[in-house]
Each structure stands twice: as C-alpha cells, then as structure tokens.
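A.B. asks:
In this note's numbering, the protein residues as written are 19 to 469.
1. Near residue 102, what residues of its chain come up, given a Cβ to Cβ distance below 8 angstroms and the 5 sequence neighbours on each side ignored?
2. Give me the Cα-Cα distance between residue 225 and residue 127, rounded to the nearest whole angstrom.
3. Tell me which same chain residues have a C-beta within less than 6 angstroms of the C-beta of residue 198, skipping the five on either side of it?
4. Residue 178 by DSSP, collapsed to three states: which one?
5. Less than 7 angstroms separating the beta-carbons of residue 396 and residue 365?
6. DSSP state of residue 461, grouped into three classes?
7. Please classify residue 333 as buried or exposed, where buried requires at least 16 other C-beta atoms within 10 Å of its C-beta.
8. Could you name the residues of the same chain whose beta carbon sits closer than 7 angstroms to that of residue 460, not counting the 5 residues immediately before and after it, in chain order?
9. Taking Cβ positions, are residue 418 and residue 406 nearer each other than 7 angstroms?
10. What residue does the alpha helix (DSSP H) around residue 253 start on, and which one ends it?
11. Checking contacts by CB at 7 angstroms: is residue 156 closer than that to chain C?
12. Taking the continuous alpha helix (DSSP H) assigned at residue 432, which residues delimit it?
13. Kindly list the residues whose CB is nearer than 7 angstroms to the CB of residue 195, restricted to its own chain and excluding five residues on each side of it in sequence; keep chain order.
14. May I have the straight-line CA-CA distance separating residue 180 from residue 344, to the nearest angstrom?
15. Anyone know if the C-beta pair for residue 342 and residue 315 falls short of 7 angstroms?
16. Distance, Cα to Cα, residue 469 vs residue 441?
17. Pull up the distance between the alpha-carbon of residue 200 and that of residue 122, whole angstroms please.
18. Using the Cα positions of residue 346 and residue 328, report the straight-line distance between them to the nearest angstrom.
19. Ordered along the chain, which non-local residues of its own chain (more than five positions away) have a Cβ less than 7 angstroms from that of residue 429?
20. Return the chain-ordered list of same chain residues with a C-beta closer than 6 angstroms to the C-beta of residue 462, the five sequence neighbours on each side being excluded.
21. What is the rounded straight-line gap between the Cα of residue 129 and the Cα of residue 111?
22. Buried or exposed: which applies to residue 97, given that a residue is buried once 16 or more other Cβ atoms fall within 10 Å of its Cβ?
23. At which residues does the alpha helix (DSSP H) containing residue 318 begin and terminate?
24. Measure the C-alpha to C-alpha separation of residue 214 and residue 161 and round it to an integer number of angstroms.
25. Assuming residue 393 is part of the alpha helix (DSSP H), what are its boundary residues?
26. Report buried or exposed for residue 233, applying the criterion of at least 16 other Cβ atoms within 10 angstroms of its Cβ.
27. What's the call for residue 360, buried or exposed, on a 16-neighbour Cβ count within 10 Å?
28. Would residue 150 and residue 166 be called neighbours here (beta carbons separated by less than 7 angstroms)?
29. Taking all protein chains shown into account, do 16 or more other C-beta atoms lie within 10 angstroms of the C-beta of residue 299, making it buried, or fewer, making it exposed?
30. Among the candidates 173, 312 and 67, whose CA atom is the shortest distance from the CA of residue 94?
31. Specify the secondary structure class of residue 63 as computed by DSSP and reduced to three states.
32. Is the beta carbon of residue 351 less than 7 angstroms from the beta carbon of residue 382?
33. Nearest-angstrom Cα distance between residue 416 and residue 217?
34. How far does the alpha helix (DSSP H) with residue 420 in it extend, from its first residue to its last?
35. Excluding five sequence neighbours on each side, which residues of the same chain lie with their C-beta closer than 7 angstroms to the C-beta of residue 105?
Written out as structure tokens, the structure is:
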C-alpha cells in the first residue's frame, strides 16, 4: 500500500473511532442534516471574550457574563479581577443548581471554584463533598459507572459520609454478612433505584419488614424488571400490616452513624417524595422578558418554571432556540432541559435535533421507560403522531409489563395509524405476557380502544 493511501486509511479509521466514542448523548448525527444546537456565535478571541464579559456585566446580562468568563478560564486568560468575579458567580450558580436538584452541575461549578480559589474551595469542603456524593448517585442512577466512580472517589477523599455501601453498589457487590438491618435500610433509602436490587434481596432474606423500605424496593424491582424480586417484595408487603410491623432495630442515629465525615439530608435523585404542600401561584411573565431571562447566574433556573407556567413564551421560536442553546451550555444532562430542548427544536423544524434530544432524555432518565414515555408526549405535542406512536411502543416494551397502561396508548395509536405498528401483533404480545387469569379482561380492554 502506498504511504499516502495508508495515511488516508489511518485518518479514516481515526475519524470513525471519534464518531463512536464518548457518552451516549454525543452519538449519532441529526437525521435532517441540521445541527441540534445551532451555532449562534463564532469562537471569539480572548480579547473579544473579555470585551463581551465587560459588556454583559454592564448590561446586567449575567448569564452571558458567566459564559464569557468560563471561555476565558478555558484558555487561561482571566484577569485577577475576572477570576474573583467568576468564583463569586459560580458559587451563586452552584446554589441555584442545588435548588434545582442538579448535583452534577452543582459539583462541577464547586470544583471549578476550588481550582480557581483554593482557599475558598477549602471553605466549601462540606458542600463539595455532599455535591460530589450526590453527583455520584445521579451518575449511578443512569448506569454511568465511570462517572459515578470518579465522583465517589473524590467525595470520599473530601470526607463524605455513607460511602461504603455506595462503593459496594457501584461494583455490583452484595452487602456483607455483617451488615445490620438498619444499615440495609439506610442503603435502600439512599441508593438510586438502579442499585437497590441486591440490597433489597438481602434485606428480605434477613426478615426486613419496614413498609417504606419495601415500597422503595418494589419500585426498584419494577424499574429494573427484576420480576422475582418484585413478587417477593409484593408478598412481603401483603403479609401483614406494615404500619404495625416491628422495627428492624436501631434508630436514625444507629443506621448511618457518625464516622466524622460530612452528612446531609439531601434526597437521592430518584427518591424524592412528592411535596404535599400547596403549589405556589404561577410566575407572572416579566415585562422585559428578554432582559429578565439573562439577568441571573442560571438561565435554566428561570426558563424552565416560566415555560411550564406560560408556554406562550416559546412562541418566538428563534428566541426560544437561543435560550435552549444557553440552557444546554449550562447543564446538558438535566432531563427537564433536554425535554424542553426537544420541543423547541421541533417547533423550529429541526426534527433531527428533537430526535437527538429525546435519545439523550431517555439516557438521562433513571427509569428508561419513563424517559421514553416523556419523549412520546413531546412528539404528541408537536403533532407528530407516527413518531409519538413508535415511542409509546418502545416505552411499553421497555417496561414489558402486561399490566402497564402504556400498552393501551401503544395499541390505540397503532390502530389509528397502521404504519406505526401492527396493533394486532402488539395485542397478541401483551396477552402472551399476561397472567392467565387476567388475559380475558386485558383483551376486552385492548379491544375496546377506538381507532
């Protein structure tokens, strides 16, 4: 082979390798040939970035100021004054991310603060340890074990508490024989649902009866499709009145202990209980919406709740795309941001971008079936019934439970659009998965769905 041909082949192989590497949200290309996140500016020189940071600060556009300062930090061109300013802004943004329950973004900002200002980082040791531990939980919840391991190792180095059972869960190791029921209970309550299964199996074998713990174990078994465990947990719940079941032993202090590390009452990313307090009144749309959206450290902290309450703010599609560009730049791992991005790109006619965002949404959602169902709802909202139906079918198949009501959505939409799927084949599959005593009832329900 000629040297030139050999060099071309090597370059081609390198190109192919690059296209297949990286996390799932970087895989694939937009199907319509348009970029998912449109380019809104050229890469600026550091002098222009400095000018942009100064202009944005004077204009009160803090979101854009933070972005310019971060770009300067990446090329190590911050002045002393700009570095101090960035540290202060990142601390504020980390607090905003914590309020949004986004530990990955929060820990990223806090660790940058520690790098830029080591003394300040030492003063935030406790906050950093807790954020890193929660970030590890968030990564573990979606199966990103390499990222979870890095976060857990860093959290442990900073003194975070309750790390032993997390590390064991990360490596897929069951609890040790000496683990008490109280410790098992604490692990089930703290771990992401994806990692609860082995601990719940041990908890049942030891005779654990706490209803809250068993309920969470059942949710984990259903999410991860651990059918045997789900049956055993359901039987344990039905065995007696859990509200009067004897305690497993040990109180809150006994369960976790105080090992001298950092503790925190933060809920894991997929375990928060619904808030029973009254919902606050919807936010009013600010008079100067464009300026208000850029006026704090985090655009997503303002965009997401306002768009939820007032969907009409997205009617200016180019402006909405610009906001989404900025929100994804702040944190491209949050399911809420990815869901909104898919919708906005669809409104802009960038259907390839919508597909890519929905792929990332499914990956970023601990319960994959729920993430797929959210994607189906986005397609429905965009008046794309065929894409929605295909997504409903995928969501139902992922859960693969004959009693899952998502099958009704799948059968119903397939009857309306035969091109999306064969509803008779889907019906037969569901009935084949059902318990014998439930087949007649399920068949009647599926057959009653109007085309």
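Just so it is clear, CB atoms sit at the ideal spot from N, CA and C, and this is done for glycine as well.
C.D. replies: Reading it off the structure:
1. Sequence index remark: in the chain shown, residue 102 carries index 84 (1-based). So the qualifying residues of the chain are 135.
2. The sequence position of residue 225 within the chain shown is 207, counting from 1. The sequence position of residue 127 within the chain shown is 109, counting from 1. C-alpha separation (whole angstroms): 43 angstroms.
3. Translated into positions along the chain shown, residue 198 becomes position 180. The beta carbon of residue 198 sits closer than 6 angstroms to no other beta carbon from its chain once the five residues preceding and following it are set aside.
4. Taking the chain shown and counting its residues from 1, the one referred to as residue 178 is at position 160. Residue state, collapsed to three classes: strand.
5. By one-based count along the chain shown, residue 396 stands at place 378. By one-based count along the chain shown, residue 365 stands at place 347. Their beta carbons are not under 7 angstroms apart, which means residue 396 does not touch residue 365 by this criterion.
6. Stepping through the chain shown from its first residue, residue 461 is reached at position 443. Residue 461: helix per DSSP, three-state reduction.
7. Taking the first residue of the chain shown as position 1, residue 333 is located at position 315. Using a 10 angstroms sphere on the CB of residue 333, the tally of other CB atoms stays under 16, which defines it as exposed.
8. Residue numbering aside, residue 460 sits at position 442 when the chain shown is read from its first letter. The answer, listed in chain order, is 420, 448, 449 and 452.
9. Walking along the chain shown from the start, residue 418 turns up at place 400. Walking along the chain shown from the start, residue 406 turns up at place 388. No, these two residues do not count as a Cβ contact at 7 angstroms.
10. For this step, residue 253 is matched to residue 235 along the chain shown. DSSP places residue 253 in the uninterrupted alpha helix (DSSP H) bounded by 245-256.
11. Checking the listed chains, one finds no chain C in this structure; it contains a single protein chain.
12. In the chain shown, residue 432 corresponds to position 414, counting from 1. 424-434 is the span of the alpha helix (DSSP H), which, as asked, contains residue 432.
13. Taking the first residue of the chain shown as 1, we reach residue 195 at position 177. The answer is none, since no qualifying residue turns up.
14. Translated into positions along the chain shown, residue 180 becomes position 162. Translated into positions along the chain shown, residue 344 becomes position 326. The straight-line gap from Cα to Cα measures roughly 35 angstroms.
15. Taking the chain shown and counting its residues from 1, the one referred to as residue 342 is at position 324. Taking the chain shown and counting its residues from 1, the one referred to as residue 315 is at position 297. For residue 342 and residue 315, no; Cβs fall outside 7 angstroms.
16. Position 451 of the chain shown, counted from the start, is the residue given in the question as residue 469. Position 423 of the chain shown, counted from the start, is the residue given in the question as residue 441. Taking the Cα positions, residue 469 is about 10 angstroms away from residue 441.
17. Along the chain shown, read from residue 1 onward, the residue named residue 200 stands at position 182. Along the chain shown, read from residue 1 onward, the residue named residue 122 stands at position 104. Rounded to the nearest angstrom, the two C-alpha atoms are 29 angstroms apart.
18. Taking the chain shown and counting its residues from 1, the one referred to as residue 346 is at position 328. Taking the chain shown and counting its residues from 1, the one referred to as residue 328 is at position 310. Going by the C-alpha atoms only, they are around 20 angstroms apart.
19. One-based indexing of the chain shown puts residue 429 at position 411. Cβ-Cβ distances below 7 angstroms link residue 429 to 441, 444, 445, 464 and 467 in the same chain, with the five nearest sequence neighbours on each side left out; the list follows chain order.
20. Residue numbering aside, residue 462 sits at position 444 when the chain shown is read from its first letter. None.
21. Position 111 of the chain shown holds residue 129. Position 93 of the chain shown holds residue 111. Spanning the two alpha carbons is a distance of roughly 12 angstroms.
22. Translated into the one-based positions of the chain shown, residue 97 becomes position 79. So residue 97 counts as exposed.
23. Mapped onto the chain shown, residue 318 falls at position 300. Run containing residue 318: 318-327, per the alpha helix (DSSP H) assignment.
24. By 1-based counting over the chain shown, the position of residue 214 is 196. By 1-based counting over the chain shown, the position of residue 161 is 143. Rounded to whole angstroms, residue 214 to residue 161 spans 13 angstroms at the Cα level.
25. Taking the first residue of the chain shown as 1, we reach residue 393 at position 375. Unbroken alpha helix (DSSP H) run through residue 393: 386-399.
26. Start at 1 with the first residue of the chain shown, and residue 233 comes out as number 215. When all chains shown are included, residue 233 counts as exposed.
27. Translated into positions along the chain shown, residue 360 becomes position 342. Residue environment analysis places residue 360 among the buried positions, since at least 16 neighbouring C-beta atoms fall within 10 angstroms of its C-beta.
28. The sequence position of residue 150 within the chain shown is 132, counting from 1. The sequence position of residue 166 within the chain shown is 148, counting from 1. Residue 166 sits away from residue 150, with the two beta carbons spaced by 7 angstroms or more.
29. Here residue 299 is taken as the residue at index 281 of the chain shown, counted from 1. Around the Cβ of residue 299, a 10 Å sphere holds fewer than 16 other Cβ atoms; the residue is exposed.
30. Taking the chain shown and counting its residues from 1, the one referred to as residue 94 is at position 76. Comparing Cα positions, the closest option is 67.
31. To locate residue 63, count along the chain shown from 1; it is residue 45. It is coil, neither helix nor strand.
32. On the chain shown, position 333 is the one that residue 351 refers to. On the chain shown, position 364 is the one that residue 382 refers to. Yes.
33. Within the chain shown, residue 416 is the residue found at index 398, counting from 1. Within the chain shown, residue 217 is the residue found at index 199, counting from 1. If I take the Cα positions, the gap works out to 23 angstroms.
34. Residue mapping note: residue 420 aligns to position 402 of the chain shown, counting from 1. Where residue 420 is concerned, there is no enclosing alpha helix (DSSP H), because DSSP gives it neither an H nor an E.
35. Position 87 of the chain shown, counting from 1, holds the residue named residue 105. Around residue 105: 131, 134, 135 and 138.
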